[in-house]
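Read left to right, the sequence shown gives residues 1 to 679 (this note's numbering). Built from N, CA and C at the ideal position, the CB exists for glycine as well. To keep things clear, I will list the structure first and then write my remarks on it.
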Amino acid sequence: MERLQIHSFIESAPEAGDSDVAGGVLLEAQEGKGFRVRIMRAGLSGNRNYYPDAALREGASLFEGARVIVKADGEHLASRGKDPRAVLGRVTGVTFVAGGAPDSGVLEANFEVIDPADPMIVRLREVVARGMGNLFGLSIDARGSTRTMKGGVRRLEKFQRVNSVDLIVEPGADGRVLDMLEAAPSQSQDETMLRSLLLQLLRQHRPSFLEGKDEAAISDADLSTALQEALSETAVRAPGAEAAPGVSREEMVAAVQLVEARQSARDQVGRSTLPETGRTRVLDLLEARGDFSSAAVTAAISAEQDYIAPLMASGRVQGLGAVSRIETGETRAEKTQAMLEAFFDPAHKDHRQARSIKECYVAITGDTRVTGRLRDCDQSLMREALDSTSFGDVLGDSITRRMLADYRVGTVYDVWRQLVGTPVPINDFRIQERTRFGGYGDLPVVAEKGDYTAVTSPGGEKATYSVAKRGGIESVTLEMIKNDDVGAIQRIPQRLSRAAKRTLAKFVLDFIRTNPVIYDTKALFHIDHGNLGTAALSAASLAAGRLAMLKQAEAGSNDRLGIGPRNLWVPADLEEKASDLFRRNTNNDETFVQSLKPNIIPVWYWLDADDWCLSADPADIPTIEIGFLDGNEEPELFIQDSPTSGSMWTNDTLTWKIRHIYGGNVVDYRGLYKSVVAG
Numbered sequence: 001m002e003r004l005q006i007h008s009f010i011e012s013a014p015e016a017g018d019s020d021v022a023g024g025v026l027l028e029a030q031e032g033k034g035f036r037v038r039i040m041r042a043g044l045s046g047n048r049n050y051y052p053d054a055a056l057r058e059g060a061s062l063f064e065g066a067r068v069i070v071k072a073d074g075e076h077l078a079s080r081g082k083d084p085r086a087v088l089g090r091v092t093g094v095t096f097v098a099g100g101a102p103d104s105g106v107l108e109a110n111f112e113v114i115d116p117a118d119p120m121i122v123r124l125r126e127v128v129a130r131g132m133g134n135l136f137g138l139s140i141d142a143r144g145s146t147r148t149m150k151g152g153v154r155r156l157e158k159f160q161r162v163n164s165v166d167l168i169v170e171p172g173a174d175g176r177v178l179d180m181l182e183a184a185p186s187q188s189q190d191e192t193m194l195r196s197l198l199l200q201l202l203r204q205h206r207p208s209f210l211e212g213k214d215e216a217a218i219s220d221a222d223l224s225t226a227l228q229e230a231l232s233e234t235a236v237r238a239p240g241a242e243a244a245p246g247v248s249r250e251e252m253v254a255a256v257q258l259v260e261a262r263q264s265a266r267d268q269v270g271r272s273t274l275p276e277t278g279r280t281r282v283l284d285l286l287e288a289r290g291d292f293s294s295a296a297v298t299a300a301i302s303a304e305q306d307y308i309a310p311l312m313a314s315g316r317v318q319g320l321g322a323v324s325r326i327e328t329g330e331t332r333a334e335k336t337q338a339m340l341e342a343f344f345d346p347a348h349k350d351h352r353q354a355r356s357i358k359e360c361y362v363a364i365t366g367d368t369r370v371t372g373r374l375r376d377c378d379q380s381l382m383r384e385a386l387d388s389t390s391f392g393d394v395l396g397d398s399i400t401r402r403m404l405a406d407y408r409v410g411t412v413y414d415v416w417r418q419l420v421g422t423p424v425p426i427n428d429f430r431i432q433e434r435t436r437f438g439g440y441g442d443l444p445v446v447a448e449k450g451d452y453t454a455v456t457s458p459g460g461e462k463a464t465y466s467v468a469k470r471g472g473i474e475s476v477t478l479e480m481i482k483n484d485d486v487g488a489i490q491r492i493p494q495r496l497s498r499a500a501k502r503t504l505a506k507f508v509l510d511f512i513r514t515n516p517v518i519y520d521t522k523a524l525f526h527i528d529h530g531n532l533g534t535a536a537l538s539a540a541s542l543a544a545g546r547l548a549m550l551k552q553a554e555a556g557s558n559d560r561l562g563i564g565p566r567n568l569w570v571p572a573d574l575e576e577k578a579s580d581l582f583r584r585n586t587n588n589d590e591t592f593v594q595s596l597k598p599n600i601i602p603v604w605y606w607l608d609a610d611d612w613c614l615s616a617d618p619a620d621i622p623t624i625e626i627g628f629l630d631g632n633e634e635p636e637l638f639i640q641d642s643p644t645s646g647s648m649w650t651n652d653t654l655t656w657k658i659r660h661i662y663g664g665n666v667v668d669y670r671g672l673y674k675s676v677v678a679g
């Protein structure tokens with residue numbers, strides 16, 4: 001299974017009024033205790049995140065016990081605002097409810113409030129009562145693994161952590177009241193009410209049944225049977241008449257039917273092949289919906305079996321069911337993440353306390369002998385520390401974060417941006433066409449009452465390219481963990497980052513070094529292009545190169561562009577000589593060349609010690625275009641692991657794949673000049 005990028009999901013509308021699809025809505029208040037809510041809906045959200053049904057179904061337990069926090073929309077988007085005074089309560093009984101079409105299901109839950117008299121809760125009850133549910137909405141603050149789809153849409157593969165469910169003004173998805181759902185009392189409340197009603201009816205219509213019996217010890221089934229007999233007697237005496245003041249025969253029948261339906265549903269669920277935690281989830285769902293019909297029970301059991309089946313097949317299921325515990329402060333999973341981040345970051349405040357990869361591994365897995373076998377690990381410790389993932393996932397996440405942090409630090413390999421300017425997003429792997437149109441000639445004078453003549457339309461020059469994948473494999477072995485090979489493992493993020501940056505830079509700068517054939521079937525630097533010289537670097541040759549660039553003619557009009565050089569590209573051997581060209585002589589005024597002062601850019605890997613090149617500002621004349629798939633300029637890291645393996649390791653090795661997808665080509669030769677020196 002590939003390990004995907006880790007992203008935060010802060011679902012809030014990009015702008016007020018946007019069309020939303022997959023967020024939370026307030027549905028109906030439960031008097032005095034809270035609300036029935038919809039946390040989110042599957043499908044495409046207003047923030048271009050795509051939530052499949054499978055991810056919501058699997059991640060439902062992560063939302064169990066999540067805090068509900070009232071936040072300003074800005075605080076929600078920044079994942080801030082965790083003021084204890086802003087906590088309104090928690091969500092419980094989180095269940096996935098399938099929709100009528102693929103990826104249209106929802107997560108529903110009970111919103112248990114802390115203080116029913118809280119002004120915000122009072123306001124919410126008033127909003128629901130008056131049908132103004134569109135004034136507020138629920139949005140998630142969560143983290144998950146994603147893959148990028150066409151058009152830059154991020155598809156959620158798995159929720160990793162849920163920070164909170166936030167009450168805001170403009171939710172990122174489905175933040176409106178779509179329907180009013182009947183609030184379902186808790187199972188214990190409902191059963192107590194029904195049992196009390198059955199006893200009341202029996203005291204009125206068959207008191208002999210209760211004489212000398214402990215009412216608390218009588219089963220619901222016996223109460224139901226006795227009441228059915230009383231109903232038959234009542235029907236014979238006075239069909240359709242009220243059995244007692246305030247209690248109609250219809251109410252008696254409804255009470256008996258509800259007790260029987262609930263008992264039948266429990267029996268049907270009990271006969272299923274679901275594990276105990278699965279049966280509990282199904283019964284909770286039925287209670288929340290208040291529907292105990294045979295069809296509803298069958299559908300709920302089938303949905304739960306579909307949910308469990310792929311997890312059981314993976315060999316990695318260690319237990320199912322909701323998390324009933326509410327943690328305060330930093331969770332073990334968060335501490336695990338912080339420990340690994342400190343291990344890879346020498347500047348981290350806790351780096352000294354996390355310098356042993358072996359100690360990190362044992363602390364996370366409980367595998368004190370470092371065997372790599374799942375049976376030697378502490379399962380409860382892993383569930384808390386790994387947050388429903390694997391050790392490889394968590395370690396890969398930390399390597400990814402450190403790799404990207406290093407990738408974003410400027411190095412010598414970033415000089416390619418001086419040649420390209422702003423990269424462009426590419427949506428697929430097909431060939432891209434870039435047509436560059438020329439200009440018009442001078443506009444002729446039009447005499448009084450004279451006719452306007454047609455101008456000559458400029459021709460175009462078409463360059464093509466496609467993006468390609470570049471990448472490699474890196475591994476951590478069981479031996480490296482066992483031997484506590486700290487240096488080798490800590491260098492992995494930097495090695496991956498530098499390899500990706502260096503490869504990209506050489507791809508761009510090789511257009512200058514290798515002088516490839518371009519869109520007009522001629523070499524980039526060619527005598528016919530007027531951008532090829534042969535003189536060694538000097539004040540005279542640099543002035544000649546500059547003049548050649550200024551004389552470049554616009555395609556179509558043949559008018560001079562007048563665009564001079566901004567950058568001077570040289571091998572490391574020529575850096576000192578190039579710098580001396582622009583140094584002012586003692587007691588002399590600056591020469592013309594000395595006044596130019598272009599950016600001198602040494603290229604570390606150019607081996608020819610004499611060749612040099614000039615380039616214009618890419619904002620003035622684009623010369624080379626670079627495109628990244630889906631606009632993702634940074635490399636991605638994936639974990640390669642067998643989803644059906646019973647071991648944490650595949651061949652005692654954790655393997656990661658780095659992938660970087662981009663392409664490019666020359667789109668205009670007129671902003672470049674190169675001198676190729678013989679010998």
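DSSP three-state call for Pro119: helix, strand or coil?
-> Note: Pro119 maps to helix in three-state DSSP.
Just curious, the beta strand (DSSP E) that Phe111 is in, first and last residue?
-> Val106 to Val113
Collapsed DSSP secondary structure at Ala619 in the structure displayed | DSSP places Ala619 outside both helix and strand once states are collapsed to three, so it counts as coil.
Cβ neighbour criterion (16 or more within 10 Å) applied to Lys462 = exposed
Going by CA-CA distance only, name the one from Asn483, Asp222 and Glu58 that's closest to Gly105.
-> Glu58
Whole-number beta carbon distance between Pro493 and Asp406, since they are thought to touch under 8 angstroms = 6 angstroms
Taking just the CA atoms, how far does Val424 sit from Phe63?
-> Straight through space, the alpha carbons of Val424 and Phe63 are spaced by roughly 38 angstroms.
Around the C-beta of Leu581, are 16 or more other C-beta atoms found within 10 angstroms, so that it is buried, or is it exposed?
-> buried
Assign Pro55 to buried or exposed, taking buried as 16 or more other Cβ atoms, counted over all protein chains shown, within 10 Å of its Cβ.
-> Per the sequence presented here, residue 55 reads as Ala, with Pro not at that position. It is buried - the Cβ of Ala55 has at least 16 other Cβ atoms within 10 Å.
Cβ neighbours of Asp668 in the same chain (closer than 7 angstroms, five flanking residues each side left out) | Arg436, Ile621, Pro622 and Thr623
Cβ shell of Asp53 (< 6 angstroms), same chain only, five flanking positions each side left out = Ala42, Asp103 and Gly105
Please classify Gly671: is it buried, with 16 or more other beta-carbons within 10 angstroms of its beta-carbon, or exposed?
-> buried
May I ask which residues mark the beginning and end of the alpha helix (DSSP H) holding Gln552?
-> Gln552 -> no alpha helix (DSSP H), and no H or E assigned at all.
Between the CA atoms of Ala142 and Ala183 - distance to the nearest angstrom = Note that Ala183 has pLDDT 36, beneath the 50 cutoff, so the model's placement of it is unreliable and the number below is only indicative. If I take the Cα positions, the gap works out to 27 angstroms.
According to the neighbour-count rule (16 or more other Cβ atoms, all chains shown, within 10 Å of its Cβ), is Asn110 buried or exposed?
-> buried
List in chain order: all unbroken alpha helix (DSSP H) runs of 4+ residues lying wholly within the region 513-590.
-> 539-550 and 575-581
Please state if the CB of Ser145 and the CB of Glu160 are separated by a distance shorter than 8 angstroms.
-> The sequence shown places Gln at residue 160, rather than the Glu named in the question. In contact: Gln160 and Ser145 (Cβ atoms closer than 8 angstroms).
Can the beta-carbon of Val677 be found less than 8 angstroms from the beta-carbon of Ala536?
-> yes
Cβ atoms of Ala572 and Trp604: under 8 angstroms apart, would you say?
-> yes
Which one of Val420, Val508, Val37 and Gly487 has the shortest CA to CA distance from Arg90?
-> Val37
Identified DSSP bridge partners for Glu636 = According to DSSP, which records beta bridges pairwise, Glu636 is partnered with Arg659.
CA-CA distance, Gly319 and Ala60?
-> In this predicted model, Gly319 has a pLDDT of only 33, less than 50, meaning its place in the structure is not dependable enough to derive any value.
Measure the Cβ-Cβ separation of Ile364 and Thr336 and say whether it is below 8 angstroms.
-> yes
Cβ-Cβ distance between Gly679 and Gly627 below 8 angstroms = no
Identity of the residue in Ala500, Ala288, Asp630 and Arg206 nearest Asn427 by Cα | Asp630
Ile140 - partner residues in DSSP beta bridges | Val165
Alpha-carbon to alpha-carbon, Arg659 and Ala488 | Looking at the two C-alpha atoms, the distance is approximately 21 angstroms.
So, Ile601 versus Leu574, is the Cβ gap smaller than 8 angstroms?
-> no
Provide the residue span of the alpha helix (DSSP H) that contains Glu58, from first to last.
-> Asp53 to Phe63
Residues near Tyr673 in its chain [Cβ-Cβ closer than 6 angstroms; skip 5 each side] | Asn531, Gly545, Ala548, Met549 and Leu614
Specify the secondary structure class of Thr477 as computed by DSSP and reduced to three states.
-> strand
Among Asp291, Val162, Asn632 and Leu167, which has the Cα closest to the Cα of Leu404?
-> Asn632
Distance, Cα to Cα, Ala265 vs Gly99?
-> 22 angstroms
Give the range of the beta strand (DSSP E) segment to which Glu448 is assigned.
-> Element bounds for Glu448: n/a, residue is neither H nor E.
Indicate the three-state DSSP secondary structure (helix, strand or coil) for Ala300 in the structure shown.
-> helix
Measure the alpha-carbon distance for Leu524 versus Trp656 and round it to whole angstroms.
-> 38 angstroms
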